[in-house]
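Trainee:
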Amino acid sequence: MTQDTEKPVYDAGSITVLEGLEAVRVRPAMYIGDTDVRGLHHLVWEVVDNSMDEALAGYSRRCEVTIRQDGSVCVKDDGRGIPVGIHPTEGIPAVEVALTKLHAGGKFDKGAYKVSGGLHGVGVSCVNALSEWLEVTVWREGKVHRMSFARGARAKALEAIGNTDKTGTQVVFKADAQIFRTTELQWEIIERRLREMAYLMGTRGVVIDLHDERTGQKEHFEFKDGLRTFVDHINKGKGPIHPEVVHFEKTVPSPDNPEREYGVEVALQYTDTYQETVYTFVNNINTHGGGTHLTGLKLALTKSLSNYAKREKLFKESEEAPSGDDYREGLTAILSLKVPEPQFEGQTKDKLGNREAQGIVETAVGEMFSTYLEEHPAIAKTIVQKAVRAQAAREAARKARDLVRRKSALASGNLPGQLADCQSSNLDESELYLVEGDSAGGSAKQGRDRRFQAILPLKGKILNVERARLDKMLAHSEIQLIISALGTGIADEFDIGKLRYGKTIIMTDADVDGSHIRTLLLTFFFRHMREIVDAGRMYIAQPPLFKVATKKGHTYVPTDAALRQMLIQLGVQSLTITDTRTKKAWKGAALEELCKELEKLEVLATELAPGWARVPVKAVLASFDGTRVPSYWAWANGKDHFFAAVGEYENFLELMKIGLGAGETLRVWDSPDEEFTRDEAHVVSCHLANVDVLARVLGVLEKKGLVFRGGGEWEVTGGKEPRTCTSPLELAVALRELAQSDIDIQRYKGLGEMNPEQLWESTMDPARRELYQVKLEDAIAADQIFTILMSDSVEERRAYIERHALEATNLDV
Numbered sequence: 000m001t002q003d004t005e006k007p008v009y010d011a012g013s014i015t016v017l018e019g020l021e022a023v024r025v026r027p028a029m030y031i032g033d034t035d036v037r038g039l040h041h042l043v044w045e046v047v048d049n050s051m052d053e054a055l056a057g058y059s060r061r062c063e064v065t066i067r068q069d070g071s072v073c074v075k076d077d078g079r080g081i082p083v084g085i086h087p088t089e090g091i092p093a094v095e096v097a098l099t100k101l102h103a104g105g106k107f108d109k110g111a112y113k114v115s116g117g118l119h120g121v122g123v124s125c126v127n128a129l130s131e132w133l134e135v136t137v138w139r140e141g142k143v144h145r146m147s148f149a150r151g152a153r154a155k156a157l158e159a160i161g162n163t164d165k166t167g168t169q170v171v172f173k174a175d176a177q178i179f180r181t182t183e184l185q186w187e188i189i190e191r192r193l194r195e196m197a198y199l200m201g202t203r204g205v206v207i208d209l210h211d212e213r214t215g216q217k218e219h220f221e222f223k224d225g226l227r228t229f230v231d232h233i234n235k236g237k238g239p240i241h242p243e244v245v246h247f248e249k250t251v252p253s254p255d256n257p258e259r260e261y262g263v264e265v266a267l268q269y270t271d272t273y274q275e276t277v278y279t280f281v282n283n284i285n286t287h288g289g290g291t292h293l294t295g296l297k298l299a300l301t302k303s304l305s306n307y308a309k310r311e312k313l314f315k316e317s318e319e320a321p322s323g324d325d326y327r328e329g330l331t332a333i334l335s336l337k338v339p340e341p342q343f344e345g346q347t348k349d350k351l352g353n354r355e356a357q358g359i360v361e362t363a364v365g366e367m368f369s370t371y372l373e374e375h376p377a378i379a380k381t382i383v384q385k386a387v388r389a390q391a392a393r394e395a396a397r398k399a400r401d402l403v404r405r406k407s408a409l410a411s412g413n414l415p416g417q418l419a420d421c422q423s424s425n426l427d428e429s430e431l432y433l434v435e436g437d438s439a440g441g442s443a444k445q446g447r448d449r450r451f452q453a454i455l456p457l458k459g460k461i462l463n464v465e466r467a468r469l470d471k472m473l474a475h476s477e478i479q480l481i482i483s484a485l486g487t488g489i490a491d492e493f494d495i496g497k498l499r500y501g502k503t504i505i506m507t508d509a510d511v512d513g514s515h516i517r518t519l520l521l522t523f524f525f526r527h528m529r530e531i532v533d534a535g536r537m538y539i540a541q542p543p544l545f546k547v548a549t550k551k552g553h554t555y556v557p558t559d560a561a562l563r564q565m566l567i568q569l570g571v572q573s574l575t576i577t578d579t580r581t582k583k584a585w586k587g588a589a590l591e592e593l594c595k596e597l598e599k600l601e602v603l604a605t606e607l608a609p610g611w612a613r614v615p616v617k618a619v620l621a622s623f624d625g626t627r628v629p630s631y632w633a634w635a636n637g638k639d640h641f642f643a644a645v646g647e648y649e650n651f652l653e654l655m656k657i658g659l660g661a662g663e664t665l666r667v668w669d670s671p672d673e674e675f676t677r678d679e680a681h682v683v684s685c686h687l688a689n690v691d692v693l694a695r696v697l698g699v700l701e702k703k704g705l706v707f708r709g710g711g712e713w714e715v716t717g718g719k720e721p722r723t724c725t726s727p728l729e730l731a732v733a734l735r736e737l738a739q740s741d742i743d744i745q746r747y748k749g750l751g752e753m754n755p756e757q758l759w760e761s762t763m764d765p766a767r768r769e770l771y772q773v774k775l776e777d778a779i780a781a782d783q784i785f786t787i788l789m790s791d792s793v794e795e796r797r798a799y800i801e802r803h804a805l806e807a808t809n810l811d812v
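Residues in the sequence shown are numbered from 0 upward in steps of one, following numbering that gives the first Met the number 0.
(1) If you compare alpha carbons, which of 577, 294 and 316 is closest to residue 352?
(2) Have a look at residue 101 and residue 46 and give me their C-alpha separation to the nearest angstrom.
(3) State buried or exposed for residue 560, treating a residue as buried only when at least 16 other CB atoms are found within 10 Å of its CB.
(4) Let me check one thing: in DSSP terms, what residues is residue 668 bridge-paired to?
(5) Roughly how far, in whole angstroms, is the beta-carbon of residue 431 from the beta-carbon of residue 453, given that I think they are within contact range, below 8 Å?
(6) My parser needs the beta strand (DSSP E) runs of 3 or more residues fully inside the region 524 to 597; what are they?
(7) What separation, rounded to the nearest whole angstrom, lies between the Cα atoms of residue 796 and residue 780?
(8) Is residue 24 helix, strand or coil by DSSP?
(9) Examine the Cβ distances between the region 487 to 505 and the region 541 to 561 and report whether three or more of them are shorter than 8 Å.
(10) Pair every Cβ in the region 143 to 160 with every Cβ in the region 233 to 249, then say whether three or more of these pairs are closer than 8 Å.
(11) Quick check: what's the CA-CA separation for residue 480 versus residue 415?
(12) Going by DSSP, which residues form a beta bridge with residue 506?
(13) Under three-state DSSP, which class holds residue 304?
(14) Does the pairing of the region 533 to 540 with the region 502 to 522 give three or more beta-carbon distances under 8 Å?
(15) Could you give the DSSP three-state label for residue 280: helix, strand or coil?
(16) From the DSSP output, in three-state form, read off residue 58 for me.
(17) Beta-carbon within less than 7 Å of residue 626's beta-carbon, same chain only, minus the 5 sequence neighbours each way: which residues are those?
(18) Please classify residue 670: is it buried, with 16 or more other beta-carbons within 10 angstroms of its beta-carbon, or exposed?
(19) Assuming residue 136 is part of the beta strand (DSSP E), what are its boundary residues?
(20) Quick check on residue 600: buried or exposed, where buried means 16 or more other Cβ atoms within 10 Å of its Cβ?
(21) What's the C-alpha gap between residue 162 and residue 785?
(22) From the DSSP output, which residues share a beta bridge with residue 72?
(23) Under a Cβ-count criterion, where at least 16 other Cβ atoms within 10 Å of its own Cβ denotes burial, should residue 148 be classed as buried or exposed?
(24) Which same chain residues, not among the five before or five after residue 35, have their C-beta less than 6 Å away from its C-beta?
(25) Does the distance from the CB of residue 350 to the CB of residue 290 come in under 8 Å?
(26) What is the rounded straight-line gap between the Cα of residue 262 and the Cα of residue 338?
(27) Could you check the C-alpha separation between residue 750 and residue 675 for me, to the nearest Å?
(28) Helix or strand or just coil, what does DSSP make of residue 408?
(29) Taking DSSP as the reference, what is the three-state secondary structure of residue 785?
(30) Residues in the same chain with beta-carbon distance under 6 Å from residue 768, minus the five sequence neighbours each way, listed in chain order, please.
(31) Return the first residue and the last residue of the beta strand (DSSP E) that residue 228 is part of.
(32) Please list, in chain order, all residues of the same chain as residue 275 whose beta carbon is under 6 Å from its beta carbon, the five residues on each side excluded.
(33) Hey, how far is the Cα of residue 27 from the Cα of residue 586?
(34) Residues bridged to residue 148 by DSSP?
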């Protein structure tokens, strides 16, 4: 019997050879980690790292990074410029080789760079391969050279476009939307990384400027004290137990090859906290996974302090000596290591593998720190005394653990009675829900799938571990329950290999108390079980905010944004918008596209200005001239004034000064922090946010026929009654209100309002639920935010709240 379909042929012709950068486009995750937010920003880091390598080599002092309005990125430095001469073997310009050939670059030539972050040589060529377009400009050898590429292929050959007496390189690229899930660059991520880079390069005189043309935001990073300032930044909100930041720097020849030199730089300071905060960098690359250099640092600090304490008899011989963990309690340290030929794990450069790095760091830091302790006995004694107290607390915690074990609360074979365990012991499918309150816990126990879902109800708010030592923490009953249920142990006994559940899911109410409990739990896991977070096994459940009932059934909706989207879908099925002047109408698919832009407009309008400014948003939108909206607003002499640029606004203020009396100062109220009131001001003003994005959305609406310059009127029909609107924001509101006229929307305040069946189908059913995975993108930023929000530093917390209060929306108070 024969089949009509042909069998696929597998022969020599089936073997595909990917030439040049094609391999990168086919398997981008192999080179940049992923094609989501992290991978997108990895492209920026690759180009910036090249500029920093020029600075490390001593040829560059300035780096400028600009996020352009079209979403492209420009990175410019004043280094030597990528060579433009013809490559001896490839027969094309060297700059083209660097941008189109994998494992090509100056980093493999030991004479060109003594140290660099670009080990693999695939960095900038990867950026080229994964960009929609890339343009490189080189100032070198008296000429300005330029060439461009499209998706990795040469689009325009290298040409000299002018003369110059400068040197440097500029790379402009736009990430390819065909490759990345998102091409929207995030200011916060780039700002944090460049600030970090400026700290590391500060003592070399490096200056980094960042500008976001989309929003007008600018930052200038110049830290002449380098790592010292970095430690000060991290310790903001913490209480240092010695005033100055300890700093060492030393160049050490390799024991195997004296011509290869390691640069060791350390800055450290002890605080009154109970956590150890250590960050390591190799050639400016943040080695999140640690490595041999981190091991060397820890050994050096422990040996130096232990030897000093014994020599000075700072604790009795009969007493147990502090451990390495005890000596690092409250430590904040930055280790920056310059390595000639670093051996990283993969292109993401997460962990250093050079074996000799451990001995070099241990010896260099040990010698320098030991000398420092000898020269500063008061500080040395303070650090050792803190370690002794930490050791005492650790011993008390051990006794507390033993006592609790005898009561069976922490014993591995005895699970807490409150836990409703699951039947499965398969780590890949089992889940533990940490549920707020007995009421919700009871519903969850009844509604769960007992085959793989375990439930642990928690009473009240757990202890804030940011303010508690280990012994006090272990005395807290709810924390005992969590440790027992997870099975991993805690502190020096922690073993992630004993974890009993593949997912640990925090499930709390969607209110203020629920948010607080969630934050307390996240603080506990970040400070004491971070390995669970790092392993990607920490999740947050997303209980629905709404239950939407229609004639066809009901749906659970998790957020306000999702509700708005759902109402759009319902509205386009029955509603029509008609321009009363032109009689143009929108319905069906055309109306759906229009609604998406109106929704964007609504969000941008709420972010246009802080609430205190009372900016007339409708008037701002009406001032759109087809290409832009104003950047500044002012209220003076009883009317609104709009300005396209800062220069116009400043000229207006100068004119306002003319009408003042002799000796009178112009009072401009542009912040609630002013010493005078709004009513006492001559001018109330505000810089408007995201105006470029707003102008683009308004432009799209006009292209779709929704033109409201010079006024306008639109009628919405198809609902219970027609609605007339005179602005796009009124249209957005009318569409939403008319869409929900025939549906019932129930807002949930807490988990306890749902019965077991509702809790299952909305929050716990794997086929329908929404879970947020907790990822640690930036350990330094996470440490700072936990310190600000959860420590005893009231002033830092107050400043944070004042700084971000106007960003808060939908407060449940």
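Just so you know, even glycine gets a beta-carbon here, dropped at the ideal spot from N, CA and C.
Mentor: Let's see:
(1) The residue given as residue 352 occupies position 353 in the sequence shown. Comparing alpha-carbon positions, the option among 577, 294 and 316 lying closest to residue 352 turns out to be 294.
(2) For the purposes of this step, residue 101 is taken as residue 102 along the sequence shown, with counting starting at 1. For the purposes of this step, residue 46 is taken as residue 47 along the sequence shown, with counting starting at 1. Residue 101 and residue 46 have their C-alpha atoms spaced approximately 15 Å apart.
(3) Position 561 of the sequence shown, counting from 1, holds the residue named residue 560. That one is exposed.
(4) For the purposes of this step, residue 668 is taken as the residue at position 669 of the sequence shown. In DSSP, residue 668 forms a bridge with 683.
(5) Within the sequence shown, the letter at position 432 stands for residue 431. Within the sequence shown, the letter at position 454 stands for residue 453. Confirmed, about 5 Å.
(6) 537 to 540, 545 to 549, 552 to 556 and 575 to 578
(7) Taking the first residue of the sequence shown as position 1, residue 796 is located at position 797. Taking the first residue of the sequence shown as position 1, residue 780 is located at position 781. If I take the Cα positions, the gap works out to 15 Å.
(8) On the sequence shown, residue 24 is found 25 positions in, with the first residue counted as 1. Residue 24 falls in the helix class under three-state DSSP.
(9) no
(10) no
(11) Taking the first residue of the sequence shown as position 1, residue 480 is located at position 481. Taking the first residue of the sequence shown as position 1, residue 415 is located at position 416. When rounded, the distance between both Cα atoms is 6 Å.
(12) Walking along the sequence shown from the start, residue 506 turns up at place 507. Bridge partners of residue 506: 434.
(13) Taking the first residue of the sequence shown as 1, we reach residue 304 at position 305. Reduced to three states, the DSSP call for residue 304 is helix.
(14) Counting C-beta pairs with one atom in each stretch, the region 533 to 540 and the region 502 to 522 have three or more that are closer than 8 Å, which means they touch.
(15) Numbered from its first residue, the sequence shown carries residue 280 at position 281. If DSSP states are grouped into helix, strand and coil, residue 280 belongs with the strands.
(16) Stepping through the sequence shown from its first residue, residue 58 is reached at position 59. Coil, per DSSP.
(17) Within the sequence shown, numbered from 1, the residue matching residue 626 stands at position 627. Hits under 7 Å: 694.
(18) Counting from one through the sequence shown, the residue named residue 670 turns up at place 671. With fewer than 16 Cβ atoms within 10 Å of its Cβ, residue 670 is classed as exposed.
(19) Numbered from its first residue, the sequence shown carries residue 136 at position 137. Run containing residue 136: 130 to 139, per the beta strand (DSSP E) assignment.
(20) Taking the sequence shown and counting its residues from 1, the one referred to as residue 600 is at position 601. With 16 or more other Cβ atoms within 10 Å, it is buried.
(21) For the purposes of this step, residue 162 is taken as residue 163 along the sequence shown, with counting starting at 1. For the purposes of this step, residue 785 is taken as residue 786 along the sequence shown, with counting starting at 1. In a straight line, the C-alpha of residue 162 is about 53 Å away from that of residue 785.
(22) Reading the sequence shown from its first residue, position 73 is the one you call residue 72. Residue 72 is bridged by DSSP to 66 and 172.
(23) Translated into positions along the sequence shown, residue 148 becomes position 149. Classification of residue 148: buried, given that the 10 Å Cβ count is 16 or more.
(24) The residue you call residue 35 lines up with position 36 of the sequence shown. The answer, listed in chain order, is 180.
(25) Against the sequence shown, residue 350 aligns to sequence position 351. Against the sequence shown, residue 290 aligns to sequence position 291. Contact annotation: residue 350 and residue 290 have beta-carbon atoms nearer than 8 Å.
(26) Taking the first residue of the sequence shown as position 1, residue 262 is located at position 263. Taking the first residue of the sequence shown as position 1, residue 338 is located at position 339. Cα to Cα, residue 262 sits roughly 7 Å from residue 338.
(27) Taking the sequence shown and counting its residues from 1, one reaches residue 750 at position 751. Taking the sequence shown and counting its residues from 1, one reaches residue 675 at position 676. So the two alpha carbons sit approximately 46 Å from each other.
(28) For the purposes of this step, residue 408 is identified with residue 409 of the sequence shown, where counting begins at 1. Because the pLDDT of residue 408 is 44, which lies under 50, any placement of that residue in the model is unreliable, and the number read from its coordinates should be weighed accordingly. Of the three classes helix, strand and coil, the one that applies to residue 408 here is coil, per DSSP.
(29) Position 786 of the sequence shown, counted from the start, is the residue given in the question as residue 785. Here residue 785 sits in helix by DSSP.
(30) Translated into positions along the sequence shown, residue 768 becomes position 769. The beta carbon of residue 768 is closer than 6 Å to those of 762 in its chain, skipping five residues each way along the sequence.
(31) Taking the sequence shown and counting its residues from 1, the one referred to as residue 228 is at position 229. No beta strand (DSSP E) holds residue 228; the alpha helix (DSSP H) holding it covers 226 to 233.
(32) The count along the sequence shown starts at 1 and reaches residue 275 at position 276. The answer, listed in chain order, is 327 and 330.
(33) For this step, residue 27 is matched to residue 28 along the sequence shown. For this step, residue 586 is matched to residue 587 along the sequence shown. Put simply, the backbone Cα of residue 27 is about 40 Å away from that of residue 586.
(34) Taking the first residue of the sequence shown as position 1, residue 148 is located at position 149. 133 and 153.
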